[in-house]
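J.: Questions regarding the structure given below will be posed in turn.
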Amino acid sequence: MTVSDASVTRYADMFAALGAEPRLRIVRLLLSVHPDGMVVGDIQAETGIASSTLSHHLEKLR
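Just so we're aligned, residue 434 is where the sequence shown starts under this note's numbering, counting upward by one.
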């Protein structure tokens, strides 16, 4: 099986998004409530991340 350069780049970008500690905390939190999900206000309350910073991290995880 060969992996294309585009696939490698895509996976590298996905893993890079998890490289920041707050983003990893967000992903772990969301996985813990899957499939129900959470609203942003609840994520912010649970993590203590400021809303503007949380917005930035969620955009990177998109």
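Backbone N, C-alpha and C define an ideal beta-carbon position, used for all residues, glycine too.
In angstroms with no decimal places, state the Cα-to-Cα distance between T442 and A450.
T.: As a first step, residue 442 is located in the sequence shown; it is residue number 9 there, counting from the start. As a first step, residue 450 is located in the sequence shown; it is residue number 17 there, counting from the start. Cα-Cα distance, rounded: 12 Å.
J.: Restricting to Cα atoms, I'd like to know which of T486, S484, T480 is closest to L463.
T.: Your numbering for residue 463 matches position 30 in the sequence shown. Among T486, S484, T480, the Cα nearest to that of L463 belongs to T480.
J.: Helix, strand or coil: which one does DSSP assign to P455?
T.: The residue labelled residue 455 in the question sits at position 22 within the sequence shown. Here P455 sits in helix by DSSP.
J.: Roughly how many angstroms separate the alpha carbons of R458 and A445, rounded to a whole number?
T.: Taking the sequence shown and counting its residues from 1, one reaches residue 458 at position 25. Taking the sequence shown and counting its residues from 1, one reaches residue 445 at position 12. Distance between the alpha carbons of R458 and A445 is about 19 Å.
J.: Is the distance from the Cβ of L487 to the Cβ of V473 below 8 Å?
T.: To locate residue 487, count along the sequence shown from 1; it is residue 54. To locate residue 473, count along the sequence shown from 1; it is residue 40. For L487 and V473, yes; Cβs fall inside 8 Å.
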